[in-house]
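Top to bottom, those sequences are chains L and W.
Mapping of the first sequence onto UniProt numbering: position 234 corresponds to residue 234, and the numbering continues sequentially without gaps.
Mapping of the second sequence onto UniProt numbering: position 146 corresponds to residue 146, and the numbering continues sequentially without gaps.
The C-beta atom is built at its ideal place from N, Cα and C for all residues, glycine as well.
These figures come from a predicted structure and were not determined experimentally.
Structure first, commentary second.
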Amino acid sequence: MAEQVTSSNPGRYATGSAATAERLITRIILMGVAFAFLAIFLVMPLVIVFTEAFSRGLAPFLENIADPDTLSAIRLTLIVAAISVPLNLVFGVAAAWAIAKFEFKGKAFLITLIDLPFSVSPVISGLVYVLLFGSTSLLGPWLKMHGIVILFAVPGIVLATVFVTFPFVARELIPLMQEQGTGDEEAALSLGANGWQTFWFVTLPNIKWGLLYGVLLCNARAMGEFGAVSVVSGHIRGVTNTMPLHVEILYNEYNAVGAFAVASLLAGLALVTLVLKTLLEMRYGAEIAATRGH
Amino acid sequence: MEVRVSNVRKEFATFPALHDVSLDIKSGELIALLGPSGSGKTTLLRLIAGLEEPTRGQIYFGDQDASHRSIQERNVGFVFQHYALFRHMTVADNIGFGLKVRPGATRPSKADIRRRATELLNLVQLPGLENRYPAQLSGGQRQRVALARAMAIEPKVLLLDEPFGALDAQVRRELRRWLREIHEATGHTTVFVTHDQEEALELADRVVVMSQGRIEQVGTADDVYDHPTSPFVYGFIGDSSTLPVKVENGQVWVSDRPIGLPITSGEPDGPATLYFRPHEVDLLDDCGGCIAGTVVASRRVAGTRRVELEIGGGRERVEIELPIEHAATQKSRIAFRPRRWKVFPTA
Ligand SMILES: Nc1ncnc2c1ncn2[C@@H]1O[C@H](COP(=O)(O)OP(=O)(O)O)[C@@H](O)[C@H]1O
Ligand SMILES: [Mg+2]
Chain L
1 MAEQVTSSNP GRYATGSAAT AERLITRIIL MGVAFAFLAI FLVMPLVIVF TEAFSRGLAP
61 FLENIADPDT LSAIRLTLIV AAISVPLNLV FGVAAAWAIA KFEFKGKAFL ITLIDLPFSV
121 SPVISGLVYV LLFGSTSLLG PWLKMHGIVI LFAVPGIVLA TVFVTFPFVA RELIPLMQEQ
181 GTGDEEAALS LGANGWQTFW FVTLPNIKWG LLYGVLLCNA RAMGEFGAVS VVSGHIRGVT
241 NTMPLHVEIL YNEYNAVGAF AVASLLAGLA LVTLVLKTLL EMRYGAEIAA TRGH
Chain W
1 MEVRVSNVRK EFATFPALHD VSLDIKSGEL IALLGPSGSG KTTLLRLIAG LEEPTRGQIY
61 FGDQDASHRS IQERNVGFVF QHYALFRHMT VADNIGFGLK VRPGATRPSK ADIRRRATEL
121 LNLVQLPGLE NRYPAQLSGG QRQRVALARA MAIEPKVLLL DEPFGALDAQ VRRELRRWLR
181 EIHEATGHTT VFVTHDQEEA LELADRVVVM SQGRIEQVGT ADDVYDHPTS PFVYGFIGDS
241 STLPVKVENG QVWVSDRPIG LPITSGEPDG PATLYFRPHE VDLLDDCGGC IAGTVVASRR
301 VAGTRRVELE IGGGRERVEI ELPIEHAATQ KSRIAFRPRR WKVFPTA
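Laid out in structure tokens, this is it:
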């Protein structure tokens, strides 16, 4: 009660009791620790990325970005995101729909399965595809015979990215759709709408902000994924290098400006994502409140 | 449209929510499903709508078996307990939704849909609210919009689940009268669910009393109030008092004495329970065949006095209603006989 009073009326701080003053000190210390931590572990690296990228001025930065291998890495990253994000949007909506609106056997198992990419190391996720499609695997000889290339090529990278980013949309939507229940859909059906119309006119508008939020997170991860992609990519310069992989290669070649230039693009993406996410949360907080898990 | 529910059973997993329910609903009738929470009212309503499939039995619309028709094919107007208005659509778009989703050939033009929405808003007495969103409406207004939306598709049957359940008492009473008027104006066959007996008795042509997944009795308000056919209905509708009795030699007995109630409709001999309304009793001065007891509690309720009597040496208690003028002092002795009553054999 007292807390509500002080927080809604800052003027009371000055005349507050000893207990209030003590709480104020505690609060300042806690906030100080949190901000110091954020500054050291989040803000500083971000600042370093940008200062290093521009350490020799704008021209070398642009030169490095314009490098054909870098451009190819950017292109590949965009392609991978452009394929895996829509796929996971569809998968995610379908899975969340099934889980939230229907009763069926094996539901708990499906939910666990959706969480799997969160609970295993991305490197393992990548290795699974190597074991599945590699030349020594069961499928390997058959794939080779038919001239299908998955590993160390774009399909492998897309598969690994899809796997790693699968949970984002589904996890965002499941609690939201569960909370909304099936009432609106039943109302639409009773008014004569078919399944597609019900989804398009009723379900989708109800979940659109949560969906956008999930897609945003999914996209950030799809562009930034390193571990799983690293295992299946083969690191062929200009062919199978995504931006995160390219950063590592440049860095290992002691091209600090190049590495940080590409890294700054990724960091920029992260910042844009963060801003959009914050805006969404501010504007539609209540509608997407259900999940704060990740 | 006539609706016939024929020997319908509904199980959820293995739990039977409805046992062998049959019900004939006449065309143009306003019928209430009345029963305590969990008695299966909503389940029956959803079965009629096609939101659930019966485990066994059939549902006929007219002469046609509709049991396996989808909800879209049944053309029913369903008003959900919590309205289920589409929150991102305006009131007009909510009402027009059922017309907008019609297939090409039968879909009215945008202007026609808009006009229809306005007409319906006038019918439900909410003129001018076309462009509001559901969140900007009061509970009673949402209820009316939900009804307008259901009526927009010109349904054969109108189904309402606890239509006034979430509203405060004042609005409830208002909307009750209003629903009756709408029903008379439009003539839809209408089924509504309620757990409020006053609502059911006042509003419905016929009341279906339900308990534990079964229909206990179907009848007019007078039927179910004056001639309850089961102990449940006697107890559920209106106030009732009960007393354990014995049926023997064509008489009702309370602890070895006949109480002056002759058996007329052939109830079997043996232990039974006597049911009567607390206000339908005659006080007697002299007890040669009556129920007599001593006053243990007395309280005034509005225009009458409710008195609790101890009968037969304190083993049983009954409640009766007396005029306020009656003193009903503690420990005083009162003799009475129910004017209207019924005995049901003890199971
Ligand atoms: N979808 C469902 N799954 C399992 N049990 C249900 C379901 N719907 C209703 N029931 C059960 O069926 C019984 C009747 O429910 P319902 O028809 O909602 O009762 P009422 O509307 O009279 O309160 C209740 O015991 C309820 O728990
Ligand atoms: Mg109910």
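Minimum Cβ-Cβ distance from residue i to chain L less than 8 Å
{"i": "W:Ala149", "result": "Note that residue 149 of chain W corresponds to Arg in the displayed sequence, not to Ala. Closer than 8 Å to some Cβ of chain L, the Cβ of W:Arg149 qualifies, so yes."}
{"i": "W:Leu167", "result": "no"}
{"i": "W:Lys110", "result": "no"}
{"i": "W:Gly312", "result": "no"}
{"i": "W:Ile153", "result": "yes"}
{"i": "W:Val157", "result": "no"}
{"i": "W:Val191", "result": "no"}
{"i": "W:Arg116", "result": "no"}
{"i": "W:Val101", "result": "yes"}
{"i": "W:Phe61", "result": "no"}
{"i": "W:Gly139", "result": "no"}
{"i": "W:Gly104", "result": "no"}
{"i": "W:Phe15", "result": "no"}
{"i": "W:Phe97", "result": "yes"}
Bridge partners - residue i, DSSP secondary structure assignment
{"i": "W:Arg305", "result": "W:Arg300 and W:Leu322"}
{"i": "W:Ser241", "result": "W:Phe276"}
{"i": "L:Met31", "result": "DSSP output for L:Met31 lists no bridge partner at all."}
{"i": "W:Lys10", "result": "W:Leu18"}
{"i": "W:Asp161", "result": "W:Val193"}
{"i": "W:Ala292", "result": "W:Ala335"}
{"i": "W:Lys342", "result": "W:Tyr275"}
{"i": "W:Leu283", "result": "W:Phe336"}
{"i": "W:Arg74", "result": "Answer is none; W:Arg74 lacks a bridge partner."}
{"i": "W:Phe61", "result": "W:Val3 and W:Gln64"}
{"i": "W:Arg56", "result": "W:Arg9"}
{"i": "W:Ser39", "result": "Answer by DSSP bridge pairing: none, since W:Ser39 is not bridged."}
{"i": "W:Pro262", "result": "W:Gln251"}
C-beta neighbour in chain W for residue i, strict 8 Å
{"i": "L:Gly192", "result": "yes"}
{"i": "L:Ala108", "result": "no"}
{"i": "L:Glu186", "result": "yes"}
{"i": "L:Leu189", "result": "yes"}
{"i": "L:Val202", "result": "yes"}
{"i": "L:Gln197", "result": "yes"}
{"i": "L:Gly183", "result": "yes"}
{"i": "L:Leu276", "result": "no"}
{"i": "L:Glu179", "result": "no"}
Proximity below 8 Å, CB of residue i to CB of residue j
{"i": "L:Leu89", "j": "L:Val215", "result": "yes"}
{"i": "W:Val190", "j": "W:Leu158", "result": "The residue you asked about is not Val; residue 190 of chain W is Thr in the sequence shown. Cβ distance < 8 Å, so W:Thr190 and W:Leu158 count as in contact."}
{"i": "W:Thr304", "j": "W:Leu274", "result": "no"}
{"i": "L:Val164", "j": "L:Leu87", "result": "no"}
{"i": "L:Val130", "j": "L:Ala263", "result": "no"}
{"i": "W:Leu51", "j": "W:Gly213", "result": "no"}
{"i": "residue 307 of chain L", "j": "L:Val232", "result": "Because chain L spans 1 through 294 in this model, residue 307 of chain L falls outside it and cannot be assessed."}
{"i": "W:Ala49", "j": "W:Phe80", "result": "no"}
{"i": "W:Arg176", "j": "W:Phe192", "result": "no"}
{"i": "W:Ala328", "j": "W:Val343", "result": "no"}
{"i": "W:Val252", "j": "W:Ile263", "result": "yes"}
{"i": "L:Val80", "j": "L:Ala222", "result": "yes"}
{"i": "W:Leu99", "j": "W:Val124", "result": "no"}
{"i": "L:Phe61", "j": "L:Ala261", "result": "yes"}
{"i": "W:Asp161", "j": "W:Thr14", "result": "no"}
{"i": "L:Met243", "j": "L:Ala82", "result": "no"}
{"i": "W:His188", "j": "W:Pro155", "result": "yes"}
{"i": "L:Ser121", "j": "L:Gly227", "result": "yes"}
*asked:* Along the segment 70 to 92 of chain W, where does the CB come closer than 7 Å to a CB of chain L? Name the residues.
replied: The residues in question are Ile71, Gln72, Val76, Phe78, Phe80, His82, Ala84, Phe86 and His88.
*Contact set between the segment 21 to 54 of chain W and chain L, restricted to residues whose Cβ is under 9 Å from the partner*: Close to chain L, meaning a Cβ-Cβ distance shorter than 9 Å, are the following residues of the segment 21 to 54 of chain W: Arg46, Ala49, Gly50 and Leu51.
_Any heavy atom of ligand 1 nearer than 5 Å to the CB - residues listed_ = Applying a distance threshold of 5 Å between residue Cβ atoms and the heavy atoms of ligand 1 selects W:Phe12, W:Ala17, W:Ser37, W:Gly38, W:Ser39, W:Gly40, W:Lys41, W:Thr42 and W:Thr43, given in chain order.
_Can you pull out the residues from the segment 203 to 230 of chain L whose beta carbon lies closer than 9 Å to at least one beta carbon of chain W?_
Against chain W - using a Cβ distance shorter than 9 Å - the residues of the segment 203 to 230 of chain L are Pro205, Asn206 and Lys208.
_Under 8 Å (Cβ pairs) to chain L, residues found in the segment 223 to 242 of chain W_ = Taking 8 Å as the Cβ-Cβ cut-off, the segment 223 to 242 of chain W has no residue approaching chain L.
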